[in-house]
Structures are given as structure tokens and as C-alpha cells.
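Number of protein chains: 2
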Amino acid sequence: MSKVHNFSAGPSILPKEVIDACVEGIQNFSGTGLSVLEVSHRGKEFIAVVEEAQATLKELMGIPEGYEILFLGGGASMQFLMVAYNLLETKGAYLKTGVWASNAIKEAKYIGNVEVVASSEDKNFSYIPKNYTIPSDADYFHCASNNTIYGSQMQSFPDSPVTMVCDMSSDILSKRVDVSKFGLIYAGAQKNMGPAGVTVVIVRKDILGKVSRQIPSMMNYKVHIDKETMFNTPPVFPIFAMLQNLKWVKKVGGVAEMQKRAAARANLLYDEIDNNPLFQGTVETGDRSQMNACFLLKDTALEEKFNAAWKAAGISGIKGHRLVGGYRASMYNALPIESVEALVNVMRNFNK
Amino acid sequence: MSKVHNFSAGPSILPKEVIDACVEGIQNFSGTGLSVLEVSHRGKEFIAVVEEAQATLKELMGIPEGYEILFLGGGASMQFLMVAYNLLETKGAYLKTGVWASNAIKEAKYIGNVEVVASSEDKNFSYIPKNYTIPSDADYFHCASNNTIYGSQMQSFPDSPVTMVCDMSSDILSKRVDVSKFGLIYAGAQKNMGPAGVTVVIVRKDILGKVSRQIPSMMNYKVHIDKETMFNTPPVFPIFAMLQNLKWVKKVGGVAEMQKRAAARANLLYDEIDNNPLFQGTVETGDRSQMNACFLLKDTALEEKFNAAWKAAGISGIKGHRLVGGYRASMYNALPIESVEALVNVMRNFNK
Chain S
1 MSKVHNFSAG PSILPKEVID ACVEGIQNFS GTGLSVLEVS HRGKEFIAVV EEAQATLKEL
61 MGIPEGYEIL FLGGGASMQF LMVAYNLLET KGAYLKTGVW ASNAIKEAKY IGNVEVVASS
121 EDKNFSYIPK NYTIPSDADY FHCASNNTIY GSQMQSFPDS PVTMVCDMSS DILSKRVDVS
181 KFGLIYAGAQ KNMGPAGVTV VIVRKDILGK VSRQIPSMMN YKVHIDKETM FNTPPVFPIF
241 AMLQNLKWVK KVGGVAEMQK RAAARANLLY DEIDNNPLFQ GTVETGDRSQ MNACFLLKDT
301 ALEEKFNAAW KAAGISGIKG HRLVGGYRAS MYNALPIESV EALVNVMRNF NK
Chain F
353 MSKVHNFSAG PSILPKEVID ACVEGIQNFS GTGLSVLEVS HRGKEFIAVV EEAQATLKEL
413 MGIPEGYEIL FLGGGASMQF LMVAYNLLET KGAYLKTGVW ASNAIKEAKY IGNVEVVASS
473 EDKNFSYIPK NYTIPSDADY FHCASNNTIY GSQMQSFPDS PVTMVCDMSS DILSKRVDVS
533 KFGLIYAGAQ KNMGPAGVTV VIVRKDILGK VSRQIPSMMN YKVHIDKETM FNTPPVFPIF
593 AMLQNLKWVK KVGGVAEMQK RAAARANLLY DEIDNNPLFQ GTVETGDRSQ MNACFLLKDT
653 ALEEKFNAAW KAAGISGIKG HRLVGGYRAS MYNALPIESV EALVNVMRNF NK
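Line by line, the protein sequences give chains S and F.
Just so you know, we're using the numbering used here here: the first sequence kicks off at 1 and counts up by one.
Just so you know, we're using the numbering used here here: the second sequence kicks off at 353 and counts up by one.
Set out below in C-alpha cells:
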């Protein structure tokens, strides 16, 4: 275990053995005598990496037949645009639950008509809206499953009358999801899947090809699918590193085990937040994220002292986002429970 | 020196010490005790990487004031689209010299009006067109300085009456270029700059903001500039690795030294191609690329034997692109002259 307790919101902690496998690949990739940094993406060794990453993700998430898996550059922010480019004909329906969901709305508006079906902006995105109606004349319904910045998470997904699209950047692979409910799932890798630089897109093929606009090649999911996710040079090393992480998830027990660990970490920390009189959570209890726990010191005058305490304990990355303030502990798949225990101990001792 | 002679067309060979520096960064980044794969891109250590990469590139290429340097995901193919999005109002003028130049034209057409000012398609792109006229009513003139697939290279650039835009993906940093002649230069990193996953954009700010269309954020150079190339999570590790390579270029003597080495490698190989009766080059002599030398065996019946010979010598990656056939030796910055000598020896012995 690293001496640093890495609560970074993303890019974020990776398992030690993933890092070791990355080093090995950089020194001698698949016995080629070359570094994974300097091999052709069209070589059989790297094609095997891509195929294994697709197969492992398919197995881990239980992705049904009819879906394609793409590994693209550009980040999830590029997907805000690509989703609209490929799917928006009449109207896109969006759930506005935070910064990234808002950005997805903003980018879709460059392409076409957008309807916000519900928003939690009235209370600084501290909850997930419920009881909204998704219009059946929309081309698709877009939501973000977890809000990294505000620390809220959808505990369930609606039964959408139209194709459901979800940005799962910050909680993918942390809990079981019924992929068949979604037409398209996308996620930047840099939280639960790997390092920054690659974005995973899982798309049901039959939702594509239905818009009337011409789609530029790099924006066009069909082009990427036809070229087996190698329309152009892909982000080779980020994909290689992601595969190492997918293999680690599989080895330690798959998504079911990740879900168990996430619950254990979150319960431990939220219990302390709720029971320690110095702290308070910022999100409605039922909508709290298991990935990103946001909390405040009730007395902000104590912040300097508290900051010194957690830093002294080797804790890194829990400063809250400026839009929320206070603290945010990001607890992604690779974070050991011992790191949460270390934080909880600091909070307890601070109260004493 | 690696035992493998890596002539890969890209992603391609990197210096041993760059690979070593990557390993170090993956194991302990800037003394953080964390891997560069798991740190926040907003942390001071990574911001320092971005700033040093920008400063080093500025120094190496002699980039004047008024230019901004961006490190984007998505690949040079994304720039085909972004260039048109940001600059094309009335008409884009394009020089058609190969596959990538053709792709740039194709993508620009999704955005607006394109004029091809000259093309070498009539002779399978085996030369660089000359004596063409760039229309002064175009918004910009776009060219590709080097054609990886066909092995041709622009030996000089025209005096363009309009903003000149250049895809330098496959020869950036291999020779001195007067950046002030260009409004925008872009290059995928995976040949002379670093591993795959990051694209460098060098843009003179005053050419932006002149088109009437609304530009989606991820497509908008101004947005990326305003956010200091961190509008969203950048490809962290590819940028880190690129910095290690830029530092290596600087240390060994800068672009002047790279140019000297490129000339030495290319002269050695083309001399053999021209003097060995078994082989012939595919590109007009005056337009040959110093980066990618394409050549054929005059008697294709000898191919199997020749393939066995170069493979036995530890040579990798010289199979020609299917559009040209034969052989292609890519000789990027990090390729030692010894690797070219090894290839030339194989060719000589094969003739004996």
C-alpha cells in the first residue's frame, strides 16, 4: 500500500499492481523488446490489447450482444458533443444534476433542441431530482450517474420511454448496472478505469444512423465502429493501462466486489460525518455518492487546524471543489479501506 | 541502444532515457510518492509539467510571441475538423499531397467550402505539387508538411497570401521551421514528440474569433486557450512523456541537431536505394521525405527472402503501407544512425 492516502477526484488512485504492469509494458511490451510507448497501434500485440480490453469490459459489465465498445480520445467532454451529433434530431432530454450534466446540456445546444426535464440547481445540486417525466417525443434521455463535484449519485435509473444515455465517468465499474437499459454509456477512464487520456463508449448499434445531418468522421460513432475503434491512432498507452486495471478488477472479484468495497468505504466515512459533531454532509442522505463524499466543517475557523491534521496523516486530495467548499473524499475502486480508516481516525481525533 | 531497430511509422521509437524517465514518473512523480497516472491534473506538479512542455517547445521551435500552445486529445484527425470549425468562413484552400491531406479536405467539407489548389493524386502522391496559386480570398491555406504513407515531404513552404495552416505530425522537430510563416501548426505527438494520445496545436491568437458560426466548446481553440489547455482533463501521461522527449531533444542539441541527424540517416538510406540495383525509390528525388523512405524491390519475387534477411537483423516495422506496397523505413528523431546502417547492410548483403 502506498504511504500516501490518495483521495484525488480524478485522475485518481490506481492499484499498485496496475502501476507495476504499466512499468513492465513500458520497458518491454508483450515480449517485443520495445516499449508500449513506441509500437504501432496496428501491430498484432496492440490489437490484442484492444480486444482483450473490450472482452474484459464486456464480461465485467455484462454488456449484451448488439453493443459496441469504443476507446476514444478527447475526454467525456467530447462525448457531450458526439452524443448530440449522433442522436439529436428533434429534441434531447437532459437531467441537470451538476456541472458535467450542465456542460452536456450546453454542448448539445450547439447541435439542436434541448429540454431539461428536471434540475437540482435550486439547491446547489445537493440532491437528485425525482418524479420527472421524460418526454416520449425526445430522441434520447441523458443523465450523469454520479456527480463528482457535488457528491451526489443516482441510486437507480428511470424507466425511460426513449433511448437512455448516461455519463458514468465517475462511478462506472463501482456497482452493477443493467447495461440493457441504456442505448449509450460513456465514461472518461481517469476515475475507476485507468489513467486520463481515453474515454470508453458503449453503444447499442441500432440507435445509430437515424439523424439526418452529415456527421464529420471523428464525431461519428459509426465510423469508429467500422474501423474497430482505430479510425485514427488511438491513445495507445492509456488503453494499455486501462486493460491492466480491468484485469485487476476481474481478478479481485469483478464489479460485485467493487460494489461491496465501495459500500464499505462510503458507510465508514458517512457514519463519521453524521456522528462527529464537527462535520456535516452537503448532499441529501438518500442521494449521497459512494464515490465522492462532500462534507464541511461546521466551524470554518477550524479548517486550518484540520488541514494540518489530515496532511500529517499522509492524506492527499480531499480539498473540496470551489463550487461546494469544505472537503471531498473521492473513494474510487482502487482506494483501500485503510485509507478511509486513516481519514476517519483523523476526524475522530480532531473531535477529541 | 535497443536490440530492436524500430522503423515503425508511428507510434514510433523513443529514446531510451525518455522511456526511463517515464518509468520513474510512473513509480514516483515529482517526489509526490504517487504515480503520474494517479495525480490530479490540477495539482501544482502536473501544471508544472504542462508549463515546462510549453516553454521547452517554444524554445526548441523558436515560437514567437502571440502564439499559444495547446495539448489536446483526439489526434491530428480531430484537428482536420477543428481547423475548419475555427477558421473556415468563406473558403478553405487545401494542398492535396496524400492520405492525411485528403482526410483534412474531407472533414473540412463537413463545415464549409473547400478549394483544392493542387494535387499529386495523378501519380499516386509520389511528388509534391509546385507552382500552384493560393487564392487570396481563401480564409486559410492548409498543407501537410510530410506524408508518412507516401514518403514525400515539402522541402519549402509557399509564401501564402492567407493564413497558412500546417499538419506537421510526421516531421515536427526534425528540421528548423519559421513558425512566423504559419497561423496554425498541429501535430500528433506519436512520431517525433512522444507517445500517442496527445496532439500539439500552435496557434497565433489573432487568427481566431473571425468566423460567424457558434463553435462547440471542445472544438473551440479559444476555449482551450482561455483554460490554459485544461478545459477538461488532458491526456496526462502522454503530456508527461512528451515533456521527457522535448527535454531530450533540447539536451542533445535541439532542432538543429535533429536536422543534422535526419539528413545523415536519410542520405545513407537513399544512397543505398539509388545505388543498389535491386531497389528503387517511389518518390520523386527532390520531394523525398527524410522521415519516411519508401522503396520497392524491383523483383517482387525476392520479397520473401529479403523479409527474412531484415527480420534476422533485428529490424522491425519496415513493411510498406498497403497503398504504396514495398517497404517504408520511418526514421524519426530517436532512431540511431546505427539502425539505418543495419538496414543498409542488409540491403547490401542481399545484393551480393
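Note that the Cβ used here is the ideal one computed from N, Cα and C, for glycine as well.
No experiment lies behind these values; they were computed from the predicted model shown.
Segment limits, beta strand (DSSP E) that includes residue i
{"i": "residue 280 of chain S", "result": "279-281"}
{"i": "residue 297 of chain S", "result": "292-297"}
{"i": "residue 680 of chain F", "result": "679-682"}
{"i": "residue 188 of chain S", "result": "184-188"}
{"i": "residue 516 of chain F", "result": "515-519"}
Spatial neighbours of residue i in its chain, beta-carbon cut-off 6 Å, leaving aside the 5 residues before and after
{"i": "residue 633 of chain F", "result": "625, 647"}
{"i": "residue 81 of chain S", "result": "107"}
{"i": "residue 386 of chain F", "result": "none"}
{"i": "residue 524 of chain F", "result": "539, 544"}
{"i": "residue 451 of chain F", "result": "501"}
{"i": "residue 362 of chain F", "result": "542, 543"}
{"i": "residue 495 of chain F", "result": "447, 518"}
{"i": "residue 340 of chain S", "result": "265, 268, 269"}
{"i": "residue 453 of chain F", "result": "496"}
{"i": "residue 402 of chain S", "result": "Residue numbering for chain S in the displayed model covers 1 to 352; residue 402 of chain S lies beyond these limits and cannot be assessed."}
{"i": "residue 537 of chain F", "result": "518, 520, 554"}
8 Å contact criterion, which residue i and residue j should meet: CB distance rounded
{"i": "residue 32 of chain S", "j": "residue 45 of chain S", "result": "6 Å"}
{"i": "residue 424 of chain F", "j": "residue 576 of chain F", "result": "7 Å"}
{"i": "residue 262 of chain S", "j": "residue 174 of chain S", "result": "5 Å"}
{"i": "residue 105 of chain S", "j": "residue 117 of chain S", "result": "No, residue 105 of chain S and residue 117 of chain S are not in contact; Cβ-Cβ is about 11 Å, not under 8 Å."}
{"i": "residue 393 of chain F", "j": "residue 588 of chain F", "result": "5 Å"}
{"i": "residue 103 of chain S", "j": "residue 119 of chain S", "result": "Actually they do not touch by this definition, with Cβ atoms about 14 Å apart."}
Within 7 Å, strictly: CB atoms of residue i and residue j
{"i": "residue 200 of chain S", "j": "residue 238 of chain S", "result": "no"}
{"i": "residue 409 of chain F", "j": "residue 421 of chain F", "result": "yes"}
{"i": "residue 616 of chain F", "j": "residue 503 of chain F", "result": "no"}
{"i": "residue 75 of chain S", "j": "residue 685 of chain F", "result": "no"}
{"i": "residue 405 of chain F", "j": "residue 595 of chain F", "result": "yes"}
{"i": "residue 682 of chain F", "j": "residue 364 of chain F", "result": "yes"}
{"i": "residue 219 of chain S", "j": "residue 94 of chain S", "result": "no"}
{"i": "residue 498 of chain F", "j": "residue 643 of chain F", "result": "yes"}
{"i": "residue 183 of chain S", "j": "residue 213 of chain S", "result": "no"}
{"i": "residue 255 of chain S", "j": "residue 60 of chain S", "result": "yes"}
{"i": "residue 479 of chain F", "j": "residue 515 of chain F", "result": "no"}
{"i": "residue 284 of chain S", "j": "residue 366 of chain F", "result": "no"}
{"i": "residue 529 of chain F", "j": "residue 415 of chain F", "result": "no"}
{"i": "residue 240 of chain S", "j": "residue 49 of chain S", "result": "yes"}
{"i": "residue 597 of chain F", "j": "residue 546 of chain F", "result": "yes"}
{"i": "residue 7 of chain S", "j": "residue 202 of chain S", "result": "no"}
{"i": "residue 703 of chain F", "j": "residue 628 of chain F", "result": "yes"}
Close-in-space but distant-in-sequence residues of the same chain around residue i (CB under 7 Å, 5 per side omitted)
{"i": "residue 1 of chain S", "result": "In this prediction, residue 1 of chain S scores a pLDDT of 42, lower than 50, which makes its location untrustworthy; the coordinate-derived value is nonetheless stated afterwards. 336, 338."}
{"i": "residue 17 of chain S", "result": "248"}
{"i": "residue 513 of chain F", "result": "486, 488"}
{"i": "residue 4 of chain S", "result": "314, 316"}
{"i": "residue 215 of chain S", "result": "85, 86"}
{"i": "residue 208 of chain S", "result": "86, 221, 222"}
{"i": "residue 121 of chain S", "result": "96"}
{"i": "residue 374 of chain F", "result": "593, 596"}
Span of the alpha helix (DSSP H) around residue i
{"i": "residue 242 of chain S", "result": "236-252"}
{"i": "residue 202 of chain S", "result": "No alpha helix (DSSP H) contains residue 202 of chain S, which is instead part of the beta strand (DSSP E) from 199-204."}
{"i": "residue 576 of chain F", "result": "573-578"}
{"i": "residue 496 of chain F", "result": "No alpha helix (DSSP H) contains residue 496 of chain F, which is instead part of the beta strand (DSSP E) from 492-496."}
{"i": "residue 344 of chain S", "result": "337-351"}
{"i": "residue 307 of chain S", "result": "303-312"}
Residues of its chain near residue i, where Cβ-Cβ distance is below 8 Å and the 5 sequence neighbours each way are ignored
{"i": "residue 631 of chain F", "result": "624, 625, 647, 648, 649, 650, 699"}
{"i": "residue 27 of chain S", "result": "35"}
{"i": "residue 701 of chain F", "result": "661"}
{"i": "residue 345 of chain S", "result": "313"}
{"i": "residue 465 of chain F", "result": "440, 442, 443, 444"}
heavy atom of the ligand PLP below 6 Å from residue i C-beta
{"i": "residue 571 of chain F", "result": "Judged by which ligands are present, the structure shown has none, so any question about the ligand PLP falls away."}
**Prompt:** At which residue ranges does the stretch 407-442 of chain F contain complete beta strand (DSSP E) runs of 3 or more residues, listed in the order of the chain?
**Reply:** With a minimum length of 3 residues, the continuous beta strand (DSSP E) runs that stay inside the stretch 407-442 of chain F are 419-424.
**Item:** Sequence ranges, beta strand (DSSP E) only - wholly within the stretch 94-129 of chain S, length at least 3
**Value:** The qualifying runs are 114-119.
**Message:** Runs of 4 residues minimum, wholly inside the stretch 16-59 of chain S: which ones carry the alpha helix (DSSP H) assignment?
**Reply:** The alpha helix (DSSP H) runs lying completely inside the stretch 16-59 of chain S and spanning 4 residues or more are 16-27, given in chain order.
**Message:** Using a Cβ-Cβ cutoff of 8 Å, what residues of the stretch 583-607 of chain F are near chain A? List them in chain order.
**Reply:** In the displayed structure, chain A is absent; the protein chains listed are S and F.
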